[in-house]
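S.K.: The numbering of the sequence shown is the numbering used here, which starts it at 478 and goes up by one. First the structure, then my questions, so here it is.
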Amino acid sequence: MKILSITTATNHLSVALNDDDQVISEKNEQDQRNHSEHLDPMIQDILTENRLSLQDIDRFAVAIGPGSYTGLRIGITTVKMFASILEKEVVGISTLKSLAKGIDQKDSLIIAMLDARNDNYFAGGYFGQALTNVIPDGHYHIDQLLEEIKKFSQENNIDQVVFVGSGIDKHDELVQKLGLNYTYGSESQNELHAGLIGKLAVNEEAIDPDKLLPRYLRRTQAEVDWHKRTGKPFAPDSDYVEEV
């Protein structure tokens with residue numbers, strides 16, 4: 478199965494072609510979130526280099542969040558369009574699970590995280606070969622996140638933690654107080670790679686493109702402002718976790 482995967486969730490733009498879980502080609506670019514300009518040419522380059530067209534792709538995969546609001550919309554809209562027009566399969570993959578996929582130590586608690594500023598993080602904890610989401614993907618203050626890590630480690634007799642993603646190194650003194658053995662991801666591991674999204678996409682269930690939605694994990698400022706102005710409740714089916 479040929480899978481074309483993309484991520485526009487962070488300032489690291491990545492596109493990959495997989496044959497099942499084997500990465501055939503991957504292109505990466507630090508483009509400071511100019512994804513709308515660079516995404517289509519990168520996709521075309523990968524297809525051309527592998528003598529393929531979009532019609533040859535069996536499944537499209539994309540990081541659905543958390544991440545940059547604008548970035549997520551660019552990537553998700555692109556694959557929804559491809560899947561709808563070409564009548565192909567599409568799957569959405571957690572940004573955080575994709576980061577965790579790049580860590581080999583599956584006997585460790587893997588904490589995938591993205592700096593959300595003001596000591597807040599988009600983060601999730603993953604464990605085992607199947608990368609079970611043992612600390613739910615969410616929006617956490619650093620103190621809350623470290624408490625969740627401590628709780629899971631104590632309850633499951635885990636003494637090794639791997640942090641992958643962005644921002645945790647500035648809290649090294651707090652991490653030390655956990656009393657656990659810990660390591661940080663390498664520079665490459667801390668970046669989001671489309672090839673890993675493709676690997677995860679192999680066993681994901683395809684969904685209707687119209688149902689592929691971003692997972693922001695916190696409310697947008699516009700939504701918060703609307704709620705304050707109108708006094709109306711947030712929609713019950715809103716796929717958000719926390720207002721900040």
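Heads up, the beta-carbon is just placed ideally off N, CA and C, and yes, glycines get one too.
Taking G615 as the reference, which of E681, R695, A486 has the closest Cα?
M.R.: Comparing Cα positions, the closest option is R695.
S.K.: Cutting at 8 Å between CB atoms, please list the residues of its own chain near E625, excluding the five before and the five after it.
M.R.: For E625, where only same-chain residues beyond five positions count, the Cβ hits under 8 Å are G602, I612, Y617.
S.K.: Can you tell me which of the three DSSP states Y546 falls into?
M.R.: Three-state result, Y546: helix.
S.K.: Give the secondary structure of L673 by DSSP, where H, G and I count as helix, E and B as strand, and everything else as coil.
M.R.: Looking at L673 - three-state DSSP - the assignment turns out to be helix.
S.K.: On the criterion of 16 or more Cβ atoms from any shown chain inside 10 Å, does P518 qualify as buried, or is it exposed?
M.R.: Under this definition P518 is an exposed residue.
S.K.: Three-state secondary structure (DSSP) at D714?
M.R.: Low per-residue confidence applies at D714: pLDDT is 43, beneath 50, and the placement is therefore not dependable, though the value from the model is reported in the following sentence. The answer is coil: DSSP assigns D714 none of H, G, I, E or B.
S.K.: Which residues bound the alpha helix (DSSP H) around A683?
M.R.: Neither: A683 is in no alpha helix (DSSP H) and is coded neither H nor E.
S.K.: Quick check: L677 and G642, are their CB atoms within less than 8 Å of each other?
M.R.: No, the pair does not count as a contact, with Cβ atoms beyond the cut-off.
S.K.: If we count the other Cβ atoms within 10 Å of its Cβ and call it buried at 16 or more, is S530 buried or exposed?
M.R.: When all chains shown are included, S530 counts as exposed.
S.K.: Measure the alpha-carbon distance for Y717 versus P543 and round it to whole angstroms.
M.R.: With a pLDDT of only 46 at Y717, under 50, the local geometry of the prediction cannot be trusted, and the value read off the model is given with reservation. Spanning the two alpha carbons is a distance of roughly 10 Å.
S.K.: Whole beta strand (DSSP E) runs in the region 525–580 with 3 or more residues, listed along the chain?
M.R.: Here the runs fully enclosed are 536–542, 566–571.
S.K.: The alpha helix (DSSP H) spanning E650 covers which residue range?
M.R.: Run containing E650: 649–653, per the alpha helix (DSSP H) assignment.
S.K.: If you check the beta carbons only, do A589 and A607 fall under 8 Å apart?
M.R.: Not in contact: A589 and A607 (Cβ atoms no closer than 8 Å).
S.K.: My output table needs one value for L608: the three-state DSSP class, helix, strand or coil.
M.R.: It is coil, neither helix nor strand.
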